[in-house]
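In terms of the UniProt record's numbering, the numbers along the sequence shown are unbroken and rise by one, the last being 363.
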Amino acid sequence: MHEVDTLIIGAGVLGLACAARLGKPDTLILEAEGLIGSHTSSRNSEVIHAGLYYPPGSLKAELCLEGRERLYAWCNQHGVAHRRIGKLLVAVQESEIGKLEALAGNAEACGVTDLQQIDQPRLHELEPALRGVRALLSPSTGIIDSHAHLQSLLAVAESRGAQLVLHSRVERLQRDGDTWIASGHSAGEAFSLRAQRVVNAGGPFAQGLASTIEGLPLPPLHLCQGRYFSYSGRSPFSRLIYPMPEANTAGLGIHATLDLAGQLRFGPDVRWLETLDYQVDDKLRAPFAAAIARYFPALDATRLQPGYAGVRAKLSGPGEPAADFLIQTPADHRLPGLVNLFGIESPGLTASLAIAERVARAL
């Protein structure tokens, strides 16, 4: 039976960040798909979040701030394309100013100290196409080439001796004395291997794999789809535009983001799923257009085109308060050498390097 020091399950941004941080020459990364980052890591807004929305004291708040600074430093060190483009959080009408002020207070409680108050004349000056009565400018918010970032993490991990094997799905984990036995299929062939340490970074598949471990406490899994529409032609905005978060939903509202090429896209919406689904129906154009037109009245709905969808692996369901990240370590489950990463949704990309640091300490 093949033996490794560290087995990392999942080659998304979390698994690759852990592989790069752990830096062990005898590390094996197993990925079920044929490409790295095939699920959550490549199906998101590619935003480097400032850390405005999360409950003060939560892991999301703490790791977003730490991860943000680590991520900007990583991008500079490894030549990953990114830009501190800034984000405007907009009160479209007077009745939303209270929400905006509450958001500013929450951000300050989380340690975000650089928000700028923007009045209506200044807002019109910054973004003439935008409708709003007041806004907050977040200069620490940025955008990143997520695919280049994944490649940079893999390159560092491999330079330190890690090995990536694609088309390899781990289907079962068992404790065997002081080690772990992982079994599954790789390119159609059954395999088993022994590892001293295991990081379960399976994203939406993490709970399914963890359910094969006897006696392990499992959190719930709720799949939440977010769909995006692209906007053809030149963007009317030079910054990210976020309306006030929607009440009683899992989303922040259909916001406007830009990629590094200047392509404008709108999303995500919120749709609860039973199984993974990455389809985007053109019939969504009308409800998307209605939501966007609130803050972008000159919207040309014919320029909206179905883009892509992502699925968030959440620990809270419809109507429930948003759950925090769960980094389940031996201190939690009393199983040496195992870390499970559950519910790492947004701001998981931003927080990934900080999460990898926590995993390294736990192991």
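Don't be surprised by glycine CBs; every beta carbon is placed ideally from N, CA and C.
Am I right that residue i and residue j are in contact with their C-beta atoms under 8 Å? What's the rounded C-beta distance?
i: L260; j: I355; result: Rounded, the Cβ-Cβ distance is 24 Å, inconsistent with contact.
i: L150; j: I36; result: 5 Å
i: I344; j: V199; result: Contact doesn't hold; Cβ gap of about 12 Å is too wide.
i: E137; j: G86; result: Per the sequence shown, the amino acid found at residue 137 is Leu instead of Glu. Their Cβ separation, rounded to whole angstroms, is 6 Å, which keeps L137 and G86 in contact under 8 Å.
i: Q196; j: G337; result: 6 Å
i: S235; j: G262; result: 6 Å
i: H49; j: G12; result: Rounded, the Cβ-Cβ distance is 17 Å, inconsistent with contact.
i: A323; j: C64; result: With a Cβ gap of about 15 Å, A323 and C64 do not count as contacting.
i: A102; j: L115; result: Between L115 and A102 the Cβ distance is about 13 Å, and since that is not below 8 Å, they are no contact.
i: G184; j: E171; result: 4 Å
i: L209; j: Y231; result: Not quite, the Cβ-Cβ distance comes to about 38 Å (not below 8 Å), so this is no contact.
i: V133; j: Y295; result: That belief does not hold up - the Cβ atoms of V133 and Y295 are roughly 11 Å apart, past 8 Å.
In this structure, what does DSSP give as the bridge partners for residue i?
i: N76; result: Answer is none; N76 lacks a bridge partner.
i: G343; result: Looking at the DSSP assignment, G343 forms no beta bridge with any residue, so it has no partner.
i: I143; result: V47 and R83
i: C224; result: W272 and R312
i: D282; result: None; D282 has no bridge partner.
i: H167; result: H167 is not bridged to any residue.
i: V199; result: I8 and V339
i: I181; result: Q174 and R194
i: L258; result: L264
i: T27; result: T6
i: V205; result: Here residue 205 is Phe; the residue named in the question, Val, does not match the sequence. Beta-bridge pairing links F205 to no other residue.
i: F229; result: F266 and P306
i: Y242; result: L89
Pull up the distance between the alpha-carbon of residue i and that of residue j, whole angstroms please.
i: S159; j: W74; result: 16 Å
i: L16; j: A61; result: 22 Å
i: H333; j: L315; result: 18 Å
i: M1; j: L193; result: 6 Å
i: F205; j: L126; result: 43 Å
i: A20; j: E108; result: 32 Å
i: G215; j: D176; result: 14 Å
i: Y308; j: L276; result: 13 Å
i: T6; j: L164; result: 12 Å
i: E3; j: E274; result: 36 Å
i: L221; j: R271; result: 14 Å
i: A157; j: E96; result: 46 Å
i: C18; j: Q328; result: 14 Å
i: L218; j: Q207; result: 7 Å
i: I213; j: P56; result: 33 Å
Is the beta carbon of residue i sitting closer than 9 Å to the one on residue j?
i: L89; j: Y242; result: yes
i: L30; j: S211; result: no
i: L363; j: L341; result: no
i: A285; j: A301; result: It should be pointed out that residue 285 corresponds to Arg in this sequence rather than to Ala. Against a cut-off of 9 Å, the Cβ pair of A301 and R285 comes out as a contact.
i: L349; j: V112; result: no
i: T141; j: R84; result: yes
i: G253; j: A290; result: no
i: G310; j: R43; result: yes
i: A190; j: D145; result: no
i: L223; j: F237; result: no
Using 10 angstroms around the beta-carbon of residue i, count the other beta-carbons present and answer buried if the total reaches 16, otherwise exposed.
i: A155; result: exposed
i: S152; result: buried
i: Q174; result: exposed
i: D178; result: exposed
i: I118; result: buried
i: Y278; result: exposed
i: G203; result: buried
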